[in-house]
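Numbering (this note's numbering), first residue to last: 24 to 95.
Virtual Cβ for every residue (Gly too), placed ideally from N, Cα, C.
Have a look at the structure below before the remarks.
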Amino acid sequence: MVLVGNKCDLEDDRIVEKEQGDAKAKEWSCTFMECSAKTRYNIDEIFDDVVGQINLSEPAPKTKKKGGCALL
């Protein structure tokens, strides 16, 4: 899970401080990242982080065994 603070390009209008986001992320045992859709700051990094977490959480697909013994 990733906690995302958006609109970080609007520093003067900030309601939630970065420290608050960090604290909540620590409480929830997740990552906190800030981004801006307007400037595309951290957008790719956030998606990379989420995809990486998904890849780590999903078990690798089982491969079927080929061959084997047959008794007649």
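How many Å lie between residue i and residue j at the Cα?
i          : j          : result
residue 53 : residue 77 : 13 Å
residue 88 : residue 24 : 35 Å
residue 36 : residue 66 : 20 Å
residue 80 : residue 71 : 14 Å
Around the Cβ of residue i, are there at least 16 other Cβ atoms within 10 angstroms (buried) or fewer (exposed)?
i          : result
residue 56 : buried
Thinking C-alpha only, which one of the options is nearest residue i?
i          : options           : result
residue 61 : 26, 30, 94 and 93 : 30
Starting from the C-beta of residue i, find all residues in its chain whose C-beta is less than 8 Å away, skip the five residues before and the five after it, and write them out in chain order.
i          : result
residue 47 : 26 and 55
residue 85 : none
residue 42 : none
residue 51 : 24 and 26
Can you list, in chain order, the residues of its chain whose CB lies under 6 Å from that of residue i, leaving out five sequence neighbours each side?
i          : result
residue 74 : none
residue 93 : none
Once the 5 residues before and after residue i are set aside, which same chain residues still bring their CB inside 7 Å of it?
i          : result
residue 58 : 27, 29, 31, 64, 65, 66 and 69
residue 45 : 55
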